[in-house]
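So in this note's numbering, spot 68 of the sequence shown is number 170, and the numbers just go up one at a time. Every residue gets a Cβ at the ideal spot worked out from N, C-alpha and C, and that includes glycine.
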Amino acid sequence: MLAAKLGCRDGQVYRATRNQAAYFLASRSESGMKQAIEFIRLSLVPTCEILPMIMDLGSQKSVRSAAIAILKLAPTVDVLINNAAACMIPQYTTTLEGIELTFGTNHIGHFLFTNLLMPALFKSANPRVVNVASFGHQFSNVHFGDINFEDGKTYEPFLAYAASKSANLLFTLGLVMKLGQTNLRVIATDPGCE
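Shown next, in the form of structure tokens:
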């Protein structure tokens with residue numbers, strides 16, 4: 103079973119799905135998923151079962167609900183691709199939990215989702231987690247003492263994105279350091295790199 107979020111490039115979807123029996127595709131909206139599902143079925147892997155899942159990474163409640171639904175349907179998850187991202191949100195906005203929206207979506211949402219699916223990942227013979235990062239991480243560290251940009255007073259959209267991508271890399275490193283002695287394989291990748 104593969105769980106992923108919408109946004110994979112065509113080749114990534116093909117390589118990830120070609121050996122999977124079923125594929126969860128999560129997105130904030132059904133309309134966004136329909137085109138991706140059609141493309142996967144028609145062009146890449148027509149035999150793969152695709153199970154659409156509505157999930158808003160900017161809502162911890164939505165992430166928890168999606169994880170519960172996936173765990174009920176799939177006791178084993180082989181591959182998790184954390185790929186969705188919020189980018190360049192022009193005005194300072196927060197999640198319902200009060201976290202700056204870019205960081206809440208790009209890091210906290212993926213962090214929570216991955217941890218909630220960990221029991222199903224560890225049931226796989228060869229579990230993998232792929233965190234899609236970005237070259238943009240170089241432009242900002244994670245400011246752990248102020249992830250909310252002084253409640254928006256110092257908010258800068260690109261720096262918010264860069265900080266969230268730095269957090270993705272730190273999360274990847276943390277998983278490797280904590281679980282590297284297990285059979286779980288965790289990588290971060292930049293989709294812009296060839």
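Reference residue i; option with closest CA among the options
i: S131; options: I156, Q137 and Y125; result: I156
i: F205; options: F141, L144, A265 and T274; result: A265
i: D253; options: T274, V231 and T197; result: T197
i: S268; options: D158, S133, S242 and E151; result: S242
i: G294; options: H239, D248 and L277; result: H239
i: S275; options: K255, F246 and F213; result: Here residue 275 turns out to be Leu, not Ser, going by the sequence shown. The shortest C-alpha separation from L275 is found at F213.
i: L159; options: E151, I152, L153 and A168; result: A168
i: N250; options: E151, E199 and F215; result: E199
i: S226; options: V181, Y194, F246 and I191; result: V181
i: I191; options: F141, E258 and F126; result: E258
i: F260; options: P154, Y194, S133 and K136; result: Y194
i: K174; options: H209, S145, R143 and F126; result: F126
i: Y263; options: Q283, L281, P148 and I210; result: I210
i: F246; options: I201, G134 and S161; result: I201
Residue range of the unbroken beta strand (DSSP E) whose run includes residue i
i: R130; result: That residue, R130, is in no beta strand (DSSP E); it is neither H nor E in DSSP.
i: I156; result: E151 to I156
i: I289; result: R287 to T291
Residue i - containing alpha helix (DSSP H), residue span
i: V165; result: Q162 to L175
CB of residue i within 8 Å of CB of residue j, strictly
i: L219; j: I183; result: no
i: A128; j: V179; result: no
i: T207; j: A176; result: no
i: P229; j: N270; result: no
i: V231; j: L272; result: no
i: V165; j: F224; result: no
i: I170; j: I152; result: no
i: M135; j: P154; result: yes
8 Å Cβ cutoff, residue i in contact with chain B
i: K280; result: Here there is only one protein chain, and chain B is not present.
Please list the segments of the alpha helix (DSSP H) lying wholly inside the segment 207-261, counting only runs of 4 or more residues, in order along the chain. Within the segment 207-261, the alpha helix (DSSP H) runs of at least 4 residues that lie entirely inside it are, in chain order, 212-223.
contact_flag[the segment 228-235, the segment 283-290] where n(CB pairs < 8 Å) is 3 or more: Here the segment 228-235 makes contact with the segment 283-290; the two share three or more CB pairs at distances below 8 Å.
If you scan the segment 181-211 from start to end, which runs of the beta strand (DSSP E) of 3 or more residues do you find wholly inside it? DSSP runs (the beta strand (DSSP E)) wholly in the segment 181-211: 181-184.
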